[in-house]
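Trainee: First, the structure itself, so that you have it in front of you.
In full-length UniProt numbering, the protein residues as written are 1 to 246.
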């Protein structure tokens, strides 16, 4: 699980799980590119990460923005060894209150954006390269108000199963990493004043007795991207303390 001088792209790498994943790759010597929609947060993240890190402002739901990203990577690095397609979003909208605008935003980022991120990255990838797409246990157990978000993550599963056939023989692997609840500031912000009680309930659902820590998702991403998983392709790894398995 060494990535010395490997070119690694982490979309949505300026905060939360994306930042933790970026941290894991930097610790293993990667030449890292992180993206996000807000330049100040990107710059701060790059400074905190240290190492050989560049930050490129990108909105993956915008084809022109994606085009500029991959043009930059091609000119500077000439290749991508690992793509972590992490950028995504979610909105809580229960049935009866789902808005067309909200539906379009979530699908445009999580499904359309991920699709064209992978498609544009492939010409820069070669045999031995790896794609890890960040899904979610919400794809099988979305919970109240999360139907649209869960549907986008379920769509990623279907895409991966088809894509490994589309690129058969290329030597590029595509796998899905689906975290369960992870104790991050963004999760606690979404839960608001109910955060302690909800996290207690989530701890009880886990067969390990706790929810995840962000660095643990980073380690799982390292595994799926590395030679340690060289014969793993088209798989979905649930990193959720066993909650989805019982």
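The beta carbon of each residue, even a glycine, is placed where N, CA and C say it ideally should be.
For clarity, every value in this text was computed on a predicted model and none was experimentally measured.
What is the residue span of the beta strand (DSSP E) that residue 179 lies within?
Mentor: First-last of the beta strand (DSSP E) with residue 179: 173-179.
Trainee: Quick check on the DSSP output: what are the complete alpha helix (DSSP H) runs of length 4 or more inside the stretch 95-155, in order along the chain?
Mentor: Those alpha helix (DSSP H) runs which fall completely within the stretch 95-155 and span 4+ residues are 100-107, 114-121.
Trainee: Would you say residue 26 and residue 51 are within 7 Å of each other, going by their C-beta atoms?
Mentor: For residue 26 and residue 51, yes; Cβs fall inside 7 Å.
Trainee: Under 7 Å, do residue 172 and residue 77 count as touching if we go by C-beta distance?
Mentor: Result no, Cβ atoms of residue 172 and residue 77 do not sit closer than 7 Å.
Trainee: Does residue 246 come out as helix, strand or coil in the three-state DSSP assignment?
Mentor: Three-state DSSP puts residue 246 in coil, outside helix and strand.
Trainee: Among the residues of its own chain, which have a CB less than 7 Å from the CB of residue 154, if the five just before and after it don't count?
Mentor: Excluding positions up to five away in sequence, the list reads 139.
Trainee: Tell me which residue opens and which closes the alpha helix (DSSP H) that residue 247 is part of.
Mentor: Residue 247 lies beyond the range of the chain shown here (1 to 246); nothing can be said about it.
Trainee: Am I right that residue 240 and residue 137 are in contact with their C-beta atoms under 8 Å? What's the rounded C-beta distance?
Mentor: With 8 Å as the limit, residue 240 and residue 137 qualify as a contact, their Cβ atoms being about 5 Å apart.
Trainee: To the nearest angstrom, report how far apart residue 193 and residue 133 are at their CA atoms.
Mentor: So the alpha carbons of these two residues sit roughly 31 Å apart.
Trainee: Which same chain residues end up closer than 8 Å to residue 211 when comparing Cβ atoms and leaving out the 5 residues on each side of it in sequence?
Mentor: Here the set comprises 180, 181, 182, 183, 199, 202, 203, 241.
Trainee: Classify residue 165: buried if its beta carbon has 16 or more other beta carbons within 10 angstroms, exposed otherwise.
Mentor: Its Cβ having fewer than 16 others within 10 Å, residue 165 is exposed.
Trainee: If residue 34 sits next to residue 14, beta carbons under 8 Å apart, how far is it from one beta carbon to the other, in whole angstroms?
Mentor: 6 Å between Cβ atoms; contact.
Trainee: Does DSSP put residue 224 in a helix, in a strand, or in coil?
Mentor: Residue state, collapsed to three classes: helix.
Trainee: Assign residue 236 to one of three DSSP states: helix, strand, or coil.
Mentor: Residue 236 falls in the strand class under three-state DSSP.
Trainee: If you run the structure through DSSP and keep just helix, strand and coil, what is residue 247?
Mentor: Since the first residue shown for the chain is 1 and the last is 246, residue 247 is missing from the structure and cannot be characterised.
Trainee: Give a yes or no on whether the C-beta atoms belonging to residue 10 and residue 86 are separated by under 7 Å.
Mentor: Going by C-beta atoms, residue 10 is nearer than 7 Å to residue 86.
Trainee: Since residue 229 is in the alpha helix (DSSP H), which residue starts that stretch and which ends it?
Mentor: First-last for residue 229: undefined, no H or E at that position.
Trainee: Just grab the DSSP bridge partners of residue 212 for me.
Mentor: Paired residues: 182.
Trainee: Taking 6 Å as the cut-off, does the CB of residue 18 come closer than this to any heavy atom belonging to the ligand COA?
Mentor: The model depicted lacks the ligand COA and carries no ligand whatsoever.
Trainee: In chain order, what residues of the same chain have a beta carbon less than 8 Å from the beta carbon of residue 251, not counting five sequence neighbours either side?
Mentor: What the structure shows of the chain is the stretch from 1 to 246, and residue 251 is not part of that stretch, so it cannot be assessed.
Trainee: Checking the sheet assignment: what are the DSSP bridge partners for residue 33?
Mentor: Answer is 9, 54, bridged to residue 33.
Trainee: Given residue 150, which residues of its chain have a CB within under 7 Å of its CB, disregarding the five upstream and five downstream residues?
Mentor: Counting only Cβ-Cβ distances below 7 Å, and skipping sequence neighbours, we find 138, 139, 142.
Trainee: Does DSSP classify residue 4 as helix, strand or coil?
Mentor: Note: residue 4 maps to coil in three-state DSSP.
Trainee: Are there 16 or more other CB atoms within 10 angstroms of the CB of residue 120, so buried, or fewer, so exposed?
Mentor: Residue 120 comes out buried.
Trainee: How many whole angstroms separate the CB atoms of residue 21 and residue 218, which I take to be in contact at a CB cut-off of 8 Å?
Mentor: Residue 21 to residue 218, Cβ: 5 Å. Contact.
Trainee: Considering only their Cβ atoms, is the gap separating residue 113 from residue 60 smaller than 7 Å?
Mentor: Taking 7 Å as the Cβ cut-off, residue 60 and residue 113 qualify as a contacting pair.
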